[in-house]
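Protein chains in written order, with my numbering: chain Y, 265 to 505; chain B, 7 to 178.
All residues carry an ideal CB built from backbone N, CA and C; glycine is no exception.
See below for the structure under consideration.
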Amino acid sequence: MNCLEFRRAVGTAPRHLDEDALAHRAACPRCNEALERTLVFERSLAAAVAIPVPDNLAERILLRQTTAALHEPRSPRRSWWAIAAAGVLGIALAALFGWRWWSANATLADLAIAHLAHEPFALSARAEVDEDAVRAMFASLGAPVARSPGTVHYLNDCRLGERMSLHMVLQRDSGPVTAMYVPRLHEPRRDFESVGVRGRETPVGAGTLILLAADAREFDAIESQFRRAFAGGDGAAFGAP
Amino acid sequence: MVSKQSQFDALVRATSADLYRFAYWLCGNEALAHDLTQETYLRAWRSLDNLRETAAAKAWLVTILRREHARLYERKTPAIAPIDEVDLPESDQRAPDLLGEDALVRRAMAKLEAKYREPLLMQVLGGFSCEEIAAELGSTPGAVMTQVFRARQKLKAALGGYGEEGKVYELP
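So, in structure tokens, the structure goes:
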């Protein structure tokens with residue numbers, strides 16, 4: 265290693281010099297001095313970026329997490345079908361479509377099904393999401409609801425193609441049902457089945473609700489819950505039957 | 007057998023300070039950095055089963071944090087000033103003369119372009135290698151080496167002029 269190479273190494277990662285660099289340092293007093301100057305600068309830099317941390321930060325984080333975890337079951341093991349469903353979806357989608365072709369031609373339902381494989385852990389969520397948090401999330405996307413559309417066990421705001429959506433999971437007797445709500449989009453009502461997933465797309469409020477599950481028997485009940493959530497009443501005046 | 011909760015406790019206590027600092031340098035706002043850090047750990051808790059190697063914990067958390075930060079801007083633009091316009095916090099644990107030095111370095115750091123600041127912070131705060139930073143940023147190790155090298159030179163130039171482009175290697 266020559267002096268130029270050494271200075272490059274020092275300027276790139278002064279705290280992680282390899283054996284060649286250390287050997288050059290031992291043999292070259294000028295480079296050794298340059299490294300000493302650099303290490304002074306590095307100490308100054310490390311001290312400056314280490315801004316003060318809020319008091320009791322770790323405790324605050326743990327308080328929030330343990331509060332959220334209170335409603336989780338004692339043995340939060342994922343059920344076999346949730347893992348299997350996620351695996352099947354991922355493999356099936358990877359095998360079926362070239363990504364570029366697919367993303368350019370995907371329907372909203374395709375995007376929603378693909379999204380399941382991106383967040384497979386959502387299907388096994390058991391903690392009940394606070395109703396205020398559900399309403400706040402709907403409001404943040406410009407689709408306020410009067411009440412939570414039932415007991416929600418997973419809540420996230422996720423991108424579906426070019427649109428933002430609310431991704432929810434509702435644990436029902438027939439298994440987990442994924443509900444994705446896309447504000448300000450009107451898709452015609454239809455039921456579908458794809459890669460082993462049963463689905464429903466239906467206009468609710470001023471957006472479109474997508475329901476996905478292995479078993480569709482809860483779809484009618486959940487759709488009604490969403491209509492009531494948007495209507496604040498029985499929802500009879502909204503959307504499809 | 008270590009429980010999931012005790013694993014998470016240890017993770018939070020070992021990493022939360024640096025993660026908060028990284029969040030701060032990403033967004034330039036203390037309250038927002040606090041919220042981002044909280045949200046990052048909540049998501050980490052929900053997917054803790056995905057963490058297989060302790061050595062990968064910090065990189066995993068940084069990935070979640072950067073995603074959370076990006077989501078923030080997808081939803082709406084927070085009503086905060088760019089980081090190069092904010093009052094940077096002073097440490098209360100250092101001597102007054104060093105506080106002044108910290109302030110100078112922080113201002114210079116805040117004025118660095120994000121493409122230089124972010125990899126440098128990952129190296130200085132997180133101790134990541136250039137290969138790890140490249141993997142996180144979707145870049146190449148060579149490009150990251152160039153970025154951190156130039157970041158240091160720009161900082162030095164801003165702080166005293168001895169890192170000017172023509173003298174980057176401090177060779178005669």
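{"Item": "Listed by chain order, chain Y residues near residue 107 of chain B by CB distance under 7 Å", "Value": "308"}
{"Item": "Beta carbon of residue 463 of chain Y nearer than 8 Å to that of residue 474 of chain Y", "Value": "yes"}
{"Item": "Continuous beta strand (DSSP E) stretch holding residue 462 of chain Y: start and end", "Value": "461-468"}
{"Item": "Per-residue contacts from residue 66 of chain B into chain Y (C-beta, under 7 Å)", "Value": "Within chain Y, no residue comes near residue 66 of chain B; the closest Cβ sits about 14 Å away, beyond 7 Å."}
{"Item": "Residue(s) in a DSSP beta bridge with residue 394 of chain Y", "Value": "Per DSSP, none; premise fails for residue 394 of chain Y."}
{"Item": "Test item: CB-CB of residue 389 of chain Y and residue 470 of chain Y under 8 Å", "Value": "no"}
{"Item": "Simplified DSSP assignment, three categories, for residue 420 of chain Y", "Value": "strand"}
{"Item": "Cβ-Cβ distance between residue 440 of chain Y and residue 453 of chain Y below 8 Å", "Value": "no"}
{"Item": "Validate contact between the region 35-43 of chain B and the region 385-405 of chain Y using beta carbons, cut 8 Å, 3 pairs", "Value": "no"}
{"Item": "Secondary structure of residue 439 of chain Y, DSSP reduced to three states", "Value": "strand"}
{"Item": "Between the CA atoms of residue 144 of chain B and residue 427 of chain Y - distance to the nearest angstrom", "Value": "24 Å"}
{"Item": "Residue range of the unbroken alpha helix (DSSP H) whose run includes residue 166 of chain B", "Value": "147-166"}
{"Item": "Limits of the unbroken alpha helix (DSSP H) element including residue 41 of chain B", "Value": "36-52"}
{"Item": "Beta carbon of residue 29 of chain B nearer than 8 Å to that of residue 142 of chain B", "Value": "no"}
{"Item": "Residue-level contact to chain B via CB, residue 389 of chain Y, 8 Å cutoff", "Value": "yes"}
{"Item": "Alpha-carbon spacing of residue 485 of chain Y relative to residue 455 of chain Y, whole angstroms", "Value": "15 Å"}
{"Item": "Counted within 10 angstroms of its Cβ, other Cβ atoms place residue 504 of chain Y as buried (16 or more) or exposed", "Value": "Low confidence applies to residue 504 of chain Y: its pLDDT is 36, below 50, so where it sits in the model is not reliable, and the reading given next is rough at best. By the 10 Å Cβ count, residue 504 of chain Y comes out exposed."}
{"Item": "Cβ-based burial, residue 304 of chain Y [other Cβ within 10 Å; buried from 16]", "Value": "exposed"}
{"Item": "According to DSSP, residues forming a beta bridge with residue 445 of chain Y", "Value": "Y/430 and Y/473"}
{"Item": "Under 8 Å from the C-beta of residue 318 of chain Y: neighbouring residues of chain B", "Value": "26, 36 and 40"}
{"Item": "Which listed residue (Y/495, Y/450, Y/449 and Y/444) has its alpha carbon closest to that of residue 483 of chain Y", "Value": "Y/444"}
{"Item": "Residue 108 of chain B vs residue 311 of chain Y beta-carbon contact at 8 Å", "Value": "yes"}
{"Item": "According to DSSP, residues forming a beta bridge with residue 458 of chain Y", "Value": "Y/461"}
{"Item": "8 Å contact criterion, which residue 417 of chain Y and residue 434 of chain Y should meet: CB distance rounded", "Value": "6 Å"}
{"Item": "Buried or exposed by the 16-neighbour rule on C-beta atoms within 10 Å, applied to residue 293 of chain Y", "Value": "exposed"}
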